[in-house]
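Under the working numbering, residue 508 is the last one in the sequence shown; the count climbs by one each step, no gaps.
We put the beta carbon where it would ideally sit given N, CA and C, even for glycine.
Just so you know, these numbers come straight off a predicted model, no measurement behind them.
Scroll down for the structure; my scribbles are underneath it.
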Amino acid sequence: MIEHLHRIAAHAYYVGEEAAGRRACERLLRLPLSPEKEEKVRANRTWYTQTLRELGVRSTFQKVECEPASPGWSLFNPCVVMHDGRMMVNVRSSNYQIVDGRYVMPPEDRETIKTRNCLWDSSSEQATYWSADYETTGYPVEGLEDVRLNSVDGELIASATCRNWSGLDGTCRIAVGKLERIDRIHDLRCHASIDGRHEKNWMPITGRKEFVYHCSYEGRTCLVREEDNDWTVTAHAEAPLVARGFRGGSQLVEHPWAPGLWWAIVHEVAVSGGRRVYEHRFVTFDEGQDWKIVRVSPPFAFRESRTIEFCAGLCVNDSDSLMASFGVNDAEAWLARIPIADVVNIMGDAWE
């Protein structure tokens, strides 16, 4: 059956049977596959992936416009959160551009990637760059990358990837601190990595001091929390096979119509024509079933397929809509307003 589905996935596009190719790819990703076969399926699927609007989700988009940290720097990978009744957005600004798949920095920066972060208040449209003071190494990646925001007990919490923390070796690690003032982060902590792995894109659980560590780590949903000045990973419900390629994206937000169910947006990575392509899904976690993944949406692109769109934020905008935040090609920052009812309509069983 796998070979038959793979042939459909590979050839349906060329005979105009895109719906059949899309179904074949989705079915294959719910079956056991070799790494080589899975890589091919993901590459094939990029030709079938639909945008939100093509899926029937009536999304509207707004580009985040604020000044970059320095002339010529980019703005991208925003993270949105509701905090103290206001919608706050953290926007990353960096000194590099992606040219033919390579990171290109200004000559004066000596091939060092630099990042600064801006907190944008959507109600006033005011933007303030905040600083993160910590003892650094000479590792050529500076700053806190791809911040996730969380609002916990009245405090605005930021978590991010850090690579140049003093005494550490350049491995990606998660740093966490409080944005007590919008121009500075306080109580910043960065611990050793877990099992020597690169740590990126943990998904904060909104309102709690916990993260989803991985949707399918050793076949289970895993959470992580800070205990005794260290990170502790706990394994929870068995994960469906389709989740094995899910990577961290947004925060988890509680479903406004169904307490105990939590939504997030994850991303999946494919390589097509030598280029990385990101695709997204909505995912529903059931806290009452030990954080089991129970429903997933079809893969989607926000505005354009076969490119790098990266979602780093999700919040409940009002009783009828969600707000998602995403970057495009490490060069643009966008917000998407998405009707909740339309998301409900596209979700399907994660286990079928």
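Three-way DSSP call (helix, strand, coil) for residue i in this model
i	result
Asn273	strand
Glu320	The question names Glu, but residue 320 is Asn in the sequence shown. Coil.
His436	strand
Gly504	strand
Asp289	coil
His529	Nothing can be reported for residue 529, as the shown portion of the chain is limited to 157 through 508.
Glu192	helix
Ala348	coil
Cys235	strand
Pro227	coil
Ala414	coil
Pro263	helix
Leu161	helix
Cys328	coil
Rounded Cβ spacing between residue i and residue j (contact assumed at less than 8 Å)
i	j	result
Arg272	Gly299	6 Å
Lys356	Arg381	So it is not a contact: roughly 18 Å between Cβ atoms.
Val433	Ala506	Contact doesn't hold; Cβ gap of about 22 Å is too wide.
Ile494	Ser215	5 Å
Arg536	Val422	Outside the displayed range of the chain (157 to 508) lies residue 536, so it cannot be described from this structure.
Residue burial classification, residue i (beta-carbon count within 10 angstroms, cutoff 16)
i	result
Gly100	The requested residue 100 does not occur in the structure, where the chain is confined to residues 157 to 508.
Tyr170	exposed
Glu159	exposed
Tyr204	buried
Val425	exposed
Trp387	buried
Tyr259	exposed
Glu210	exposed
Ala420	buried
Pro234	buried
Arg319	buried
Residue from the options whose Cα sits closest to the Cα of residue i
i	options	result
Trp229	Ser287, Ala426, Asn251, Tyr434	Asn251
Thr457	Ala393, Lys196, Phe217, Arg183	Here residue 457 turns out to be Ala, not Thr, going by the sequence shown. If we check each option's Cα against that of Ala457, Phe217 comes out closest.
Ala199	Ala165, Arg186, Asp325	Ala165
Cys222	Trp276, Lys196, Ala391	Trp276
Val472	Ala176, Gly430, Ser406	Ser406
Arg266	Val303, Pro296, Asp240	Pro296
Thr207	Leu470, Gly172, Arg437, Leu408	Arg437
His370	Asp384, Gly363, Gly352, His392	His392
Met359	Met261, Val409, Ala497, Gly483	Val409
Asp486	Ile269, His239, Glu264	Ile269
Asp256	Asp384, Gly429, Pro455, Leu185	Gly429
Val398	Pro415, Gly375, Leu417	Gly375
Query raised in the report: In chain order, which continuous runs of the beta strand (DSSP E) of length 3 or greater are located wholly inside the region 453-498?
Result: 465-474, 477-484, 488-495
Query raised in the report: Unbroken beta strand (DSSP E) runs of length 3 or more, entirely within the region 376-404: which are they?
Result: 376-383, 386-394
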